[in-house]
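Numbering (this note's numbering), first residue to last: 47 to 254. C-beta: ideal position from N, C-alpha, C; glycine also. If you're wondering where the values come from, they're calculated on a predicted model, not measured in any experiment.
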Amino acid sequence: MSSAALVGTLVWSFGAPVESEWGPGSWTGHGQHMMAPMAPGGMGVLIAGPGQIQNIGEATSRAERLAAQWDLHVGEVMEFSNHFYVELVERDGGGATEVIVDRETGDVQVEWGPAMMWNTAYGMMPVHTRADRPNIDEERARALADEWLEKSRPELRTGELHSFPGYYTLHTERDGHTVGMLSVHGRTGAVWYHTWHGEFIQSLGHSE
47 MSSAALVGTL VWSFGAPVES EWGPGSWTGH GQHMMAPMAP GGMGVLIAGP
97 GQIQNIGEAT SRAERLAAQW DLHVGEVMEF SNHFYVELVE RDGGGATEVI
147 VDRETGDVQV EWGPAMMWNT AYGMMPVHTR ADRPNIDEER ARALADEWLE
197 KSRPELRTGE LHSFPGYYTL HTERDGHTVG MLSVHGRTGA VWYHTWHGEF
247 IQSLGHSE
């Protein structure tokens with residue numbers, strides 16, 4: 047499936063799951079509709095690709111080009127059936143943002159969902175104030191994610207946790223193996239499951 051296709055997602059805020067549509071070019075969530083700027087955190091392609099990406103190594107190389115432009119480094123890389131997911135990290139190793147490398151085109155863009163809407167440094171609406179610092183720590187974020195999974199996807203468990211500006215992303219596992227991921231907002235505790243990746247295939251740069 048192309049990254050240009052609309053995909054369904056669930057955003058859980060204040061205990062209530064809400065069905066919404068998500069895809070490049072538009073978003074529906076919290077009752078708003080916004081068009082994205084062609085800039086870091088926006089929905090436009092940040093680096094146009096040369097064509098089809100054959101493997102996870104090529105996807106990593108594509109993401110490294112963007113990382114270098116932003117003075118970042120590539121962290122975890124995950125291959126899914128729909129595309130490649132890449133974590134970009136700061137020089138100190140802290141999470142910066144999440145990007146997608148399109149399988150068919152090689153285009154690199156900021157991942158839609160939490161990376162665009164919740165990231166306070168690299169998202170669509172960056173905020174660089176002390177007041178915007180998360181009031182939910184990693185332990186609480188995992189507890190909220192566990193609670194959401196118990197209610198909405200009881201066959202899954204939380205796995206590895208990664209912290210980004212304004213939110214956390216956690217792997218989701220079935221029988222101890224990664225199958226996907228979800229994010230938890232650092233201030234509201236909203237949970238957003240990443241339904242757009244497809245089937246998990248393999249990864250580089252994390253504990254499994």
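- Taking C-alpha positions only, Trp194 is separated from Val237 by approximately 7 Å.
- Thr224 is a Cβ neighbour of Phe246, given a cutoff of 7 Å.
- When secondary structure is reduced to three states using DSSP, Ile102 falls in the helix class.
- Going by beta carbons, Val156 and Leu190 fall outside the 7 Å limit.
- His129 and Ile146 do touch by the CB rule: their CB atoms are close to 5 Å apart, below 8 Å.
- Pro96 sits exposed, since fewer than 16 C-beta atoms from the chains shown fall within 10 Å of its C-beta.
- Listed in chain order, the non-local C-beta contacts of Ala167 below 6 Å within the same chain comprise Pro211, local neighbours out to five positions each way being set aside.
- Under a 10 Å Cβ-count criterion, Asp148 is classified as buried, with 16 or more other Cβ atoms of the shown protein chains found around its own Cβ.
- DSSP places Leu216 inside the beta strand (DSSP E), whose first and last residues are Tyr213 to Arg220.
- Excluding residues up to 5 positions away in sequence, Gly121, Glu122, Gly141, Glu144 and His208 lie with their Cβ nearer than 7 Å to the Cβ of Glu133 in the same chain.
- When Trp158, Thr234, Asp117 and Met162 are compared, the shortest CA-CA separation from Thr241 is found for Trp158.
- By the beta-carbon neighbour count (other beta carbons within 10 angstroms, threshold 16), Pro200 is exposed.
- Each of Arg137, Asp153 and Gly169 was checked against the Cα of Glu104, and the nearest Cα belongs to Asp153.
- Between Thr151 and the set Ser249, Gly169, Ile182 and Ile93, the nearest pair of CA atoms involves Ile93.
- The bridge partners DSSP lists for Gly226 are Thr218.
- Apart from sequence neighbours up to five positions away, the residues of its chain that approach Ser249 with a beta-carbon distance below 6 Å are Met124, ordered along the chain.
- The beta carbon of Ser127 sits closer than 7 Å to the beta carbons of Gly244, Glu245 and Ile247 from its chain, once the five residues preceding and following it are set aside; these are given in chain order.
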